[in-house]
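Take a look at the structure set out below.
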Amino acid sequence: SIATQAGGLKAAKPGGDSKDVSVQRALNEETLLSAAQKVKEAGRDFTYFIVVLVGIGVTGGLFYVIFKELFSSSSPNKIYGDALEKCRSHPEIIGVFGDSIKGYGEATRRGRRQHVSHIEYVKDGLKHMRLKFYIEGTESGKQGTVHVEVKENLETGRFEVRYIVVDVETYPRRTIVIEDNR
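Under the UniProt record's numbering, the residues of the sequence shown are numbered 1 to 182, in order.
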């Protein structure tokens, strides 16, 4: 067999350099193929990178919305929780409804009462929010509707309670004022 080298032709030694040519050809083809494959893999890696970045962005956005809704002092759920605690600790409410007072929002089609009805509006350049939810206690047949209004304090940026009023649904109707800062 004959093998080629940079210096010219020479007789191949048995079991020696005869494989050099085929190995070099295979290496050249691999480098050509691998360059195309590298571009293809780089494109695929970049696409995966973009998908991961979009996923991280969406997840971050969801965490922001959840945090803002549940833990922000200006969220309807936070205002509802604060107003419910004030109702539970008010002596006149405890006298009418009993010790164990639970609050709930509007009923949905599925029968769950989770949604707290609220309206946000701007009056005189200040944000206001009105909430309406319901309470009931251990006293049978006693239910009440709680009306809450808060307005934004420009100095602190937080909502401050204007009023919390409970309408007791008995005959005759009775209104209990828990807090009134109008």
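Don't be surprised by glycine CBs; every beta carbon is placed ideally from N, CA and C.
If you reduce the DSSP assignment to three classes, tell me which class R182 lands in.
As a first step, residue 182 is located in the sequence shown; it is residue number 182 there, counting from the start. In the three-state reduction of the DSSP assignment, R182 falls in the coil class, being assigned neither a helical nor a strand state.
Within the continuous alpha helix (DSSP H) that includes G95, where are the two ends?
Working through the sequence shown from its first residue, we reach residue 95 at position 95. Per DSSP, the continuous alpha helix (DSSP H) segment holding G95 begins and ends at 91 to 97.
Hey, quick one: how far does the beta strand (DSSP E) through A145 stretch, first residue to last?
Position 145 of the sequence shown, counting from 1, holds the residue named residue 145. It is Thr, not Ala, that sits at residue 145 in the sequence shown. Looking at the DSSP string, the run of the beta strand (DSSP E) that includes T145 is 143 to 152.
Taking the C-alpha atoms as reference points, what is the distance between residue 194 and E152?
Outside the modelled stretch of the chain, which goes from 1 to 182, sits residue 194, for which no answer is possible.
Whole angstroms are fine: how far does the CA of V165 sit from the CA of I178?
Stepping through the sequence shown from its first residue, residue 178 is reached at position 178. Stepping through the sequence shown from its first residue, residue 165 is reached at position 165. In a straight line, the C-alpha of I178 is about 6 Å away from that of V165.
With a CB to CB cut of under 8 Å and the five nearest residues on each side skipped, what residues in its chain are close to G98?
By one-based count along the sequence shown, residue 98 stands at place 98. G137, T138, E139, K142, listed in sequence order.
For E106, which beta-bridge partners are listed by DSSP?
Locating residue 106 in the sequence shown gives position 106, counting from the first residue. According to DSSP, which records beta bridges pairwise, E106 is partnered with H115.
Could you tell me which residues DSSP pairs with T175 in its beta bridges?
Within the sequence shown, numbered from 1, the residue matching residue 175 stands at position 175. When beta bridges are read from the DSSP output, T175 appears opposite D167.
Quick check on A83: buried or exposed, where buried means 16 or more other Cβ atoms within 10 Å of its Cβ?
Position 83 of the sequence shown, counting from 1, holds the residue named residue 83. So A83 counts as buried.
I need the DSSP call for R158, collapsed to helix, strand or coil.
If you number the sequence shown from 1, residue 158 lands on position 158. Here DSSP, grouped into helix, strand and coil, assigns R158 to coil.
Using alpha carbons as the reference points, say which of R182, K86, Y104 lies closest to R162.
Position 162 of the sequence shown holds residue 162. Of R182, K86, Y104, the residue nearest in Cα terms is R182.
Beta-carbon proximity of G105 to V122, cut-off 8 Å
The residue you call residue 105 lines up with position 105 of the sequence shown. The residue you call residue 122 lines up with position 122 of the sequence shown. In this structure, G105 sits away from V122, with a CB-CB distance that is not shorter than 8 Å.
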